[in-house]
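Each remark here refers to the structure printed beneath this line.
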Amino acid sequence: MKALLIRDLRLATRAGGGFGLALAFFLIVCTLVPFGVGPQGGTLALIAPGILWVGALLSCLLSLDRIFALDHEDGSLDLLATAPLPLEGVVASKALAHWLTTGLPLVLAAPVFGILLHLPGPGYVWLVLSLALGTPALSVLGAFGAAVTVGLRRGGLLLSLLVLPLYIPTLIFGAEAVRRGAAGLDPWTPLVFLAAITLAVLALVPFAAASALRVNLR
Amino acid sequence: MTLLSVSGLAVARGGLRTLENLNFTLEPGQALILRGPNGLGKTTLLRTLAGLQPAVDGQIAADPDSTAYAAHADGLKSALTVTENLRFWAEVFGGDGIDQALSLMNLTELAARPAHALSAGQKRRLGLARLMVTGRAVWLMDEPTVSLDAASVGLFVQMVRGHLAAGGGAVIATHIDLGLAEARVLDLTPFKAAATRSGTGRAAGFNEAFG
């Protein structure tokens, strides 16, 4: 598993690996919104939590189809399936690699993007915390979507349609935590729910994804 | 100890039986060459033996951790170098012998080159060298000599002979004469599944409509 993780991280950071793509997309979304709704700080501050979370969601989606499609194209996925590594482990390790190259940079850069959207001062801690708790679920659910659509032509489009509805609970509780935090209210209830969703997804979804891969490899 | 034993095996591709009633065994030091026309089910048989798809009927008796599969695609990452590609598979399979595999397939001079800068034949040689670092006893190879020149086929045969001498086994689907005289040849044509052979029945009709 460690070897697979290191390989995926290495591939992501080399030429054509797409590292930083999600971050750049997030930046563009956060820059476009003030152009669209106007520069009034009050309006922006109101919608900032939602925009930041939707932006993170969409940036995460960008690189999802690469999780298994590239390995399927060059035949590595067949070889990995015959390796001593369990497929559940392959899924978990690939989702972790996706989070490290996509989710983690978003978490770290989110405060900067918060400034672009006039996020009120008390919200920053909760923005980082909610993204840190929520984005792992996005990567694992995305790995499941990628496993279901692997081998399909234009699977990326179908993948978005499959995965975005699954992101709704994470989006609701994540954005709500930031909104309450920014308004000076107690954000712990949505945060606990967010963490619960992530833990449930981490525990269950790799098995579903591995079964989907097994069917698709036949 | 028998490495691989197959009895009454039937395999299917896309829900259609392609081969049935297959019986053979593979002892340590033996190589089995599968022959048959295109579309007969050689790849399907190898994928079933590798555990990538379930057998429709019959039994495959083999240690599930004893087989290494080499498909049409080599499973190389073009952004990684030759050594990095091999080291990855060695770590995944818990094997070693990267240097030996490189020198046997005449890749030592290319060790630091990224895989996207290799020619088709060099990629193939790297894909075959991968088998050596898996440490697995049974090599299942699907058209291993595609895009190899005569000298490289010689290297490949030498590699297989070394593996057999070490007590391993090999199942090779190929159309060319490898010059591996000691290998048993299994012609798969008589094992073609009845439904597809007679050209009747629902399955064959489906095949005509969508094949």
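As you go down the protein sequences, you meet chains A and B in turn.
Residue numbering for the first sequence follows UniProt numbering, starting at 1 and increasing by one per position.
Residue numbering for the second sequence follows UniProt numbering, starting at 1 and increasing by one per position.
Glycine included, every Cβ here is placed at the ideal spot set by N, Cα and C.
None of these values were measured; they are calculated from a predicted model.
Restricting attention to A:Gly55, A:Arg7, A:Gln40, the CA atom closest to the CA of Leu76 (chain B) is found in A:Arg7.
Taking 8 Å as the upper bound for CB-CB distance, Leu26 (chain B) and Leu32 (chain B) are in contact here, some 6 Å apart.
Non-local C-beta neighbours of Val157 (chain B) in its own chain, meaning closer than 8 Å and more than five positions away in sequence, comprise Leu178, Gly179, Leu180, ordered along the chain. In chain order, Asp65, Phe93, Gly94 make up the part of chain B whose C-beta sits under 7 Å from the C-beta of Pro84 (chain A). Taking 8 Å as the CB threshold, Gly89 (chain A) stays off the interface with chain B.
CA-CA distance, Ser59 (chain A) to Ala151 (chain B), rounds to 49 Å. Put simply, the CB of Lys77 (chain B) is near chain A, with a gap under 8 Å to one of its CB atoms. In terms of Cβ geometry, Ile67 (chain A) and His98 (chain A) form a close pair [threshold 8 Å]. Note on geometry: alpha-carbon atoms of Thr135 (chain A) and Gly97 (chain B) lie some 40 Å from one another. Look at Val92 (chain B) here: in three-state DSSP terms it is helix. Within its own chain, the residues whose Cβ lies closer than 6 Å to the Cβ of Tyr69 (chain B), once the five positions on either side in sequence are excluded, are Ala50, Leu140, listed in chain order.
One thing to note: Val37 (chain A) has its Cβ no nearer than 8 Å to the Cβ of Ile28 (chain A). By the C-beta criterion, the stretch 125 to 134 of chain A is judged to be in contact with the stretch 172 to 185 of chain A, since at least 3 inter-stretch pairs fall below 8 Å. With a beta-carbon spacing of about 10 Å, Gly20 (chain A) and Ser63 (chain A) fall beyond the 8 Å limit used to define contacts. In the three-state DSSP reduction, Ala79 (chain B) falls in the coil class, being neither helix nor strand. Boundaries of the alpha helix (DSSP H) harbouring Ser59 (chain A): 41 to 62, taken from the DSSP string.
Under DSSP, Gln59 (chain B) forms a beta bridge with B:Ser7. The beta carbon of Leu155 (chain B) is closer than 8 Å to those of Leu104, Met105, Asn106, Arg125 in its chain, skipping five residues each way along the sequence. At a Cβ-Cβ threshold of 8 Å, Thr48 (chain B) and Val11 (chain B) count as neighbours. The three-state secondary structure of Val138 (chain B), taken from DSSP, is strand. The stretch 132 to 146 of chain B and the stretch 158 to 169 of chain B touch, with no fewer than 3 CB-CB distances between them shorter than 8 Å. Residue-level contact by beta carbon holds for Gly51 (chain B) and chain A, with a gap shorter than 8 Å. As the crow flies, the alpha-carbon of Ala79 (chain B) is around 12 Å from that of Asp74 (chain A).
In the DSSP assignment, Phe113 (chain A) falls within the alpha helix (DSSP H) that extends over 104 to 116. With a 10 Å radius around the Cβ and a threshold of 16 neighbouring Cβ atoms, Trp188 (chain A) comes out exposed. Comparing alpha carbon positions, the residue from A:Asp65, A:Asp71, A:Leu79 closest to Ala71 (chain B) is A:Leu79.
Using a Cβ distance threshold of 8 Å, Leu61 (chain A) and Val163 (chain A) count as a contacting pair.
For Thr189 (chain A), the three-state secondary structure derived from DSSP is helix.
Short of 6 Å from the beta carbon of Leu217 (chain A), and not among the five residues preceding or following it, lie these beta carbons of its own chain, in chain order: Ala81. When the five nearest sequence neighbours on each side are left out, the beta carbons in the same chain lying within less than 6 Å of the beta carbon of Gln53 (chain B) are those of Arg47, in order along the chain.
Under the Cβ criterion of 8 Å, Phe156 (chain B) is not counted among the residues facing chain A. In its chain, beyond the 5 residues on either side, Leu138, Tyr167, Leu171 have a beta carbon closer than 7 Å to the beta carbon of Leu57 (chain A).
Below the 7 Å Cβ cutoff, chain A contributes Asp74, Gly75 as neighbours of Ala73 (chain B), in chain order.
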